[in-house]
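This report refers to the structure that appears directly beneath it.
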Amino acid sequence: MTRRLLLSHLSLILLVLLALEVPFGVFYARSELSRFSHTAEQGAMTLAEVCEDKMEHGLTADLPELADAYGQRTGGTVLVADRRGVVLTDTAAHAMVGKDLSAEPDISSALHDHPVVGTRRAPPTDGEYLFVTVPGGSNAAVACVVRTVYSLVPLKARVHTAWLVLAATGLGVLAAASLIGFALARSITRPVRALERATAQLAEGRITDPPATDCGPPELRRLAASFTRTATRLQHLLQAQQAFASDVSHQLKTPLTALRLRLENFEPHLAPCAQGSLDKALGELERLSRMVQGLLALARLENTEIRSEAADLSAVVADRAGIWTAFADEQQVEILVSGGTSVPVLVVPGALEQIIDNLLSNALRVSAPGTSVTLAVVNTPAQGGHAPLMAELHVIDQGPGMTEAERRRAFDRFWRAPHADHDGTGLGLALVRHLTRAGGGEVTLEAAPGGGLDAVVRLRHAECGTQQDRLATTSDIDSAARSAPARRSAGVP
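Shown next as structure tokens:
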């Protein structure tokens with residue numbers, strides 16, 4: 025914003041300077057040439073009168089000395105011709121004496137009592153000269169013609185100097201305007217920058233430097249005050265929500281554990297016909313416990329600022345596949361792993377394991393005996409480049425799959441597919457999405473080529489990404505990781 029204000033300010037000043045200095049420079053150049061031409065013409069006419077007087081008194085021999093003196097005094101060359109156009113004297117070239125120049129346009133015009141003033145270029149040096157040709161006498165009484173020639177180099181030098189002075193003045197004005205404009209722009213944008221810093225701090229979860237409300241334009245002061253009030257209230261609400269989540273985690277764990285123990289203690293005293301009802305009650309209690317833990321994990325992820333760190337995607341995939349193999353063997357499902365090269369990605373601590381565990385749990389839950397679940401790690405090249413910017417993890421099952429509408433809703437909390445069993449909480453994929461996005465990635469569900477579902481997790485490559493400026497304690501992430509419902513349902517450590 026400072027740059028834009030400064031550029032607009034300087035553009036306006038530059039237009040004003042151009043509108044003033046360019047016409048002034050052109051006017052100065054024209055006026056200097058006009059003044060010089062008028063002075064040269066007046067001098068030539070005076071010299072012509074003197075030459076005419078000399079010739080009337082028979083003092084033609086004095087003309088060379090008179091012409092030399094005038095030329096030295098004015099810095100030009102002088103040519104004097106008689107009434108027939110024959111050269112009597114020429115200070116530039118003595119060889120011209122005696123030659124007839126009556127055919128030349130300016131000499132012919134002067135012989136007819138028409139003074140001529142103009143400019144021409146001399147071929148040898150290609151320099152520009154001013155020539156003035158005037159008659160000595162009038163009408164039929166023209167006794168002589170005087171031509172004076174002056175170099176315009178000194179005049180051009182003065183004009184160039186004037187242009188340089190104008191340019192230097194303009195640059196000085198622009199420099200002064202730049203300093204004033206920069207100071208003005210900084211004073212205008214200072215409250216905006218303070219608001220920007222405060223907004224960034226609010227995004228990180230805490231405002232340490234609230235914007236000042238006693239400086240800047242009135243509109244920005246009111247905006248800063250309103251923002252501070254809103255941010256303070258929002259911080260209080262977030263703190264209350266975090267405190268509530270922490271309190272609930274302690275208040276609900278104990279009653280649920282006590283209720284489970286009481287139900288289990290009833291087992292020896294129940295009739296065999298009631299055993300099924302007890303098992304269903306314990307199952308619902310277990311599902312409620314997992315749901316509570318999942319909600320608490322999501323609350324921690326949403327209310328905690330996190331810093332991403334590098335993790336080897338291929339190594340974690342191989343490790344989790346090995347841990348889940350025993351559980352998959354019980355269901356007669358094979359776990360296949362592809363993409364064994366090291367692929368460093370940016371994720372929040374403990375998140376990658378939980379993402380894989382949740383997706384594997386969902387895939388195994390819908391896989392029929394004799395089928396397989398594939399874990400594939402793929403590097404995605406950057407568009408227009410060769411270095412991979414993103415890495416993809418594909419968890420592909422051979423289950424019934426989902427429709428496009430079901431895939432769009434699958435990440436909603438508490439949503440479960442119509443054909444799914446009833447022991448899930450509907451929070452696993454929601455947790456996967458939060459964990460993935462916390463590290464700057466994304467997760468989608470796609471139809472597998474041979475039927476089933478392809479869960480695609482896209483994570484930033486650690487060699488091309490930058491670490492997030494988001495802070496959190498590792499214990500919060502580990503606690504959220506340990507509370508993932510999929511791991512609890514599968515009994516995987």
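Quick note: to get my numbering, add 24 to the position in the sequence shown (first position is 1). For glycine and all other residues, C-beta sits at the position ideal for the given N, C-alpha and C. These numbers come from a predicted model, not from an experiment.
### Task
Classify E416 as buried or exposed, calling it buried when 16 or more other Cβ atoms lie within 10 Å of its own Cβ.
buried
### Nearest-angstrom beta carbon gap, D478 and E466 [assumed within contact, 8 Å]
In fact, because the Cβ distance is near 14 Å, the residues do not count as touching under 8 Å.
### Task
Whole angstroms is fine: what's the gap from L188's alpha carbon to T232's?
53 Å
### Message
Considering only the alpha carbon of each residue, which of V50, T26, C168 lies closest to D124?
### Response
C168
### Task
Using the DSSP secondary-structure output, state which residues sit across from V141 in a beta bridge.
V156
### Query
Can you tell which of A236, R284, G49 has its C-alpha closest to the C-alpha of K180?
G49
### Beta carbon of T113 nearer than 7 Å to that of D130
no
### Message
Taking a contact to mean a Cβ-Cβ separation below 7 Å, would you say L103 touches R171 in this structure?
### Response
yes
### Query
Which of the three DSSP states, helix, strand or coil, is assigned to M414?
strand
### Message
Under DSSP, the beta strand (DSSP E) around I379 begins and ends at which residues?
### Response
Looking at the DSSP string, I379 is not in any beta strand (DSSP E); the run it does join, the alpha helix (DSSP H), is 375 to 390.
### Message
Spatial neighbours of S32 within its chain, please: C-beta separation below 7 Å, excluding the five flanking residues on both sides.
### Response
none
### Task
Could you spell out the range, first to last residue, of the alpha helix (DSSP H) harbouring T232?
Taken as a continuous stretch (DSSP letters only), T232 belongs to no alpha helix (DSSP H), as it is neither H nor E.
### Message
Using C-beta distances below 6 Å, list every residue in its chain close to R245, excluding the 5 sequence neighbours before and after it, in chain order.
### Response
T237
### Supposed contact pair V372 and L459 - C-beta distance, whole angstroms, cut 8 Å
7 Å
### Query
Apart from the five residues just before and just after L29, which ones in its own chain have a Cβ nearer than 6 Å to its Cβ?
A209
### Chain-order list of residues whose beta-carbon lies under 8 Å from that of E291 (same chain, five-residue window excluded)
Q299, L302
### Query
Taking the alpha carbon of L309 as the point to measure from, which residue in G363, L287, I380, A186 has its own alpha carbon closest?
L287
### Query
When DSSP labels each residue in this structure, what does D493 get in the three-state scheme?
With a pLDDT of only 37 at D493, under 50, the local geometry of the prediction cannot be trusted, and the value read off the model is given with reservation. Of the three classes helix, strand and coil, the one that applies to D493 here is coil, per DSSP.
### Query
Are A345 and V361 close, meaning C-beta to C-beta below 7 Å?
yes
### Query
If you draw a straight line from the C-alpha of A472 to the C-alpha of V419, how long is it?
10 Å
### Query
Of the residues V183, V216, Y174, A72, which one's Cα is nearest the Cα of V166?
A72
### Local Cβ density within 10 Å of F51, reported as buried at 16 or more and exposed below that
exposed
### Message
Less than 6 Å between C-beta atoms, sequence neighbours within five positions excluded: which residues of the same chain meet that for R482?
### Response
M414, E416, G465, E466
### Message
For a test of the three-state rule: what should DSSP assign to D303, helix, strand or coil?
### Response
helix
### Query
With W348 and L384 assumed to form a contact (beta carbons below 8 Å), what rounded beta-carbon distance in angstroms separates them?
5 Å
### Query
Leaving out five residues before and five after G408 in sequence, what residues of the same chain have Cβ atoms less than 7 Å from its Cβ?
Only weak support exists for where G408 lies, its pLDDT of 49 falling under 50; the coordinates are left without a value.
#### Entry: For C239, three-class secondary structure by DSSP
coil
### Task
Taking the CB atoms as reference points, tell me whether D343 and S366 lie closer together than 7 Å.
no
### Task
Starting from the Cα of Q422, find the closest Cα among S133, G95, G475, A93 and give me that residue.
G475
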